[in-house]
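For the sequence shown, the UniProt record's numbering assigns the number 1 to the initial residue and increments by one for each residue that follows.
Everything below concerns the one structure shown next.
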Amino acid sequence: MALLSKSILATVFLAAGLVAVILMLALMGRAERKMSPVVLRRLHKIFGGIFLVLLLVISYFCLAYVKMAGEGLSVRAVFHGVLALTLFIVLVLKIAIVRFYREFMRFVPSLGLAVFVLAFVVYTTSAGYFFLVGAGGQPTPPQEGAASRLSPEVENGRMLFARKCSYCHYADSDQGKLGPGLREVLTRETLPQSGRPATPENIRQQLINPFGNMPSFRASLTEKEIDELIAYLSTL
């Protein structure tokens, strides 16, 4: 799933959580209600169900990304994952109390608020971050048939870029995504962010011992794969 699509889905997820919390507060925290408790409870269940379904859908795509990145996850991604796991555990605990352990119902409002706070923080470390730094503009898609004209080494590098790098970098734009755009990266005087001379060797070093928040690919790319990736970057 594209970053923009997943971020929009995450926004709907957060909105559903917000509505569910407001309904819960109206149901359990106000003596005078504009709607009957039955209606409020039913609406809370509906929006809570939407929240849970979207959480599972988004988690599926996030787990696919974790599998792809391997050990090359950024600190932000690890923090995001730990918070998301905590969110899931608290949500399951809340549902279990409501369904099976009703003698602990007094804890449900606090757990519901905790779920929403965790959801908000999880959102800001992923979709919120994307909208802040990487949502502007979309690159022009590559021309049809371009891949067929590439050498085997460059073609392998192109596929590696699609699997390992395209989540954070554009190949056909110098505009930033989560990381800098890499169009014509080897024709520049210096590499973005690190400021090192734009040479194949410095790109290799950036992949193995990265500058800034970029994850290391030391464990997830072989020397041959790094060569193929650099060969592809040299064609951009």
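Just so you know, even glycine gets a beta-carbon here, dropped at the ideal spot from N, CA and C.
These numbers come from a predicted model, not from an experiment.
*If you check the beta carbons only, do Leu-160 and Glu-223 fall under 7 Å apart?*
Here residue 160 refers to the residue found at position 160 when the sequence shown is read from its first residue. Here residue 223 refers to the residue found at position 223 when the sequence shown is read from its first residue. No; because the gap between Cβ atoms is not below 7 Å, this pair is not in contact.
(request) Evaluate contact between the region 34 to 41 and the region 53 to 60, counting only Cβ atoms and requiring at least three cross-stretch pairs below 8 Å. (result) Counting Cβ pairs under 8 Å, fewer than three are found: no touch.
### Task
Look up Pro-197 in the DSSP assignment and say whether it is helix, strand or coil.
Position 197 of the sequence shown, counted from the start, is the residue given in the question as residue 197. If DSSP states are grouped into helix, strand and coil, Pro-197 belongs with the strands.
Tell me, please, whether the region 6 to 15 touches the region 92 to 100 by the rule of three or more beta-carbon pairs shorter than 8 Å.
Touching, no.
Given a cut-off of 7 Å, decide if Arg-183 and Asp-236 are closer than it, judged by their beta-carbon atoms. Translated into the one-based positions of the sequence shown, residue 236 becomes position 236. Translated into the one-based positions of the sequence shown, residue 183 becomes position 183. Strictly speaking, residue 236 in this sequence is Leu, with Asp absent from that position. Their beta carbons are under 7 Å apart, which means Leu-236 touches Arg-183 by this criterion.
Note to self: Per the DSSP calculation, Thr-190 is bridged to which residue(s)?
What the structure shows: The residue you call residue 190 lines up with position 190 of the sequence shown. Its beta-bridge partners are Pro-197.
Secondary structure of Tyr-167, DSSP reduced to three states:
Walking along the sequence shown from the start, residue 167 turns up at place 167. It is coil, neither helix nor strand.
If you check the beta carbons only, do Leu-191 and Asn-202 fall under 7 Å apart?
Within the sequence shown, numbered from 1, the residue matching residue 191 stands at position 191. Within the sequence shown, numbered from 1, the residue matching residue 202 stands at position 202. In this structure, Asn-202 lies closer than 7 Å to Leu-191 by Cβ.
Quiz item: Which residues bound the alpha helix (DSSP H) around Phe-217?
Solution: Within the sequence shown, the letter at position 217 stands for residue 217. That residue, Phe-217, is in no alpha helix (DSSP H); it is neither H nor E in DSSP.
Is the distance from the Cβ of Lys-177 to the Cβ of Tyr-170 below 7 Å? Here residue 177 is taken as the residue at index 177 of the sequence shown, counted from 1. Here residue 170 is taken as the residue at index 170 of the sequence shown, counted from 1. Yes, Cβ-Cβ distance for Lys-177 and Tyr-170 is below 7 Å.
Just the Cα atoms here: how many angstroms apart are His-44 and Val-19? On the sequence shown, residue 44 is found 44 positions in, with the first residue counted as 1. On the sequence shown, residue 19 is found 19 positions in, with the first residue counted as 1. Going from the Cα of His-44 to the Cα of Val-19 covers about 8 Å.
Cβ shell of Pro-200 (< 6 Å), same chain only, five flanking positions each side left out: By 1-based counting over the sequence shown, the position of residue 200 is 200. Cβ neighbours of Pro-200 beyond the five flanking positions: Ile-230.
ask   = Along the chain, where does the alpha helix (DSSP H) that runs through Thr-222 open and close?
value = The sequence position of residue 222 within the sequence shown is 222, counting from 1. Note, Thr-222: premise wrong, no alpha helix (DSSP H); not H, not E.
- Query: Which one of Leu-132, Arg-188 and Asp-172 has the shortest CA to CA distance from Gly-181?
  - Reply: Position 181 of the sequence shown, counting from 1, holds the residue named residue 181. The shortest C-alpha separation from Gly-181 is found at Asp-172.
On a CA-only basis, which of Leu-93, Asn-209, Ile-58 and Leu-113 is nearest Gly-29? Give me that one, please.
-> In the sequence shown, counting from the first residue as 1, residue 29 sits at position 29. The shortest C-alpha separation from Gly-29 is found at Leu-113.
Practice problem: Return yes when the Cβ of Leu-85 is within less than 7 Å of the Cβ of Val-122, no when it is not. | Solution: If you number the sequence shown from 1, residue 122 lands on position 122. If you number the sequence shown from 1, residue 85 lands on position 85. Taking 7 Å as the Cβ cut-off, Val-122 and Leu-85 do not qualify as a contacting pair.
*Which residues in the same chain have their Cβ closer than 8 Å to the Cβ of Thr-125, if we skip the five residues on either side of it in sequence?*
On the sequence shown, position 125 is the one that residue 125 refers to. Arg-76, Phe-79, His-80 and Leu-83, listed in sequence order.
Requested in this report: Grab me the residues of Met-214's own chain with a C-beta within less than 6 Å of its C-beta, minus the 5 sequence neighbours each way, in chain order.
Outcome: Your numbering for residue 214 matches position 214 in the sequence shown. Correct list: empty, nothing qualifies.
Q) Hey, out of Gly-157, Ala-10, Val-117 and Ile-22, whose CA is closest to residue 242's CA? A) This structure does not reach residue 242, given that the chain is present from 1 up to 236, and the question cannot be answered.
Checklist entry - What did DSSP end up calling Gly-81 once you bin it into helix, strand or coil? => result Locating residue 81 in the sequence shown gives position 81, counting from the first residue. Secondary structure of Gly-81 (DSSP, three-state): helix.
Notebook entry, point to check: Could you check where the alpha helix (DSSP H) with Arg-158 kicks off and where it finishes?
Noted result: Counting from 1 along the sequence shown, the entry for residue 158 is found at position 158. Arg-158 -> alpha helix (DSSP H) spans 152 to 160.
* **Reduced DSSP secondary structure (H/G/I, E/B, other) of Glu-184** => The count along the sequence shown starts at 1 and reaches residue 184 at position 184. Coil at Glu-184, not helix or strand.
Counting only the same chain and skipping the five closest in sequence on each side, list residues whose C-beta sits under 7 Å from that of Thr-140. Against the sequence shown, residue 140 aligns to sequence position 140. Because the pLDDT of Thr-140 is 43, which lies under 50, any placement of that residue in the model is unreliable, and the number read from its coordinates should be weighed accordingly. Closer than 7 Å at Cβ, skipping near neighbours: Asp-172.
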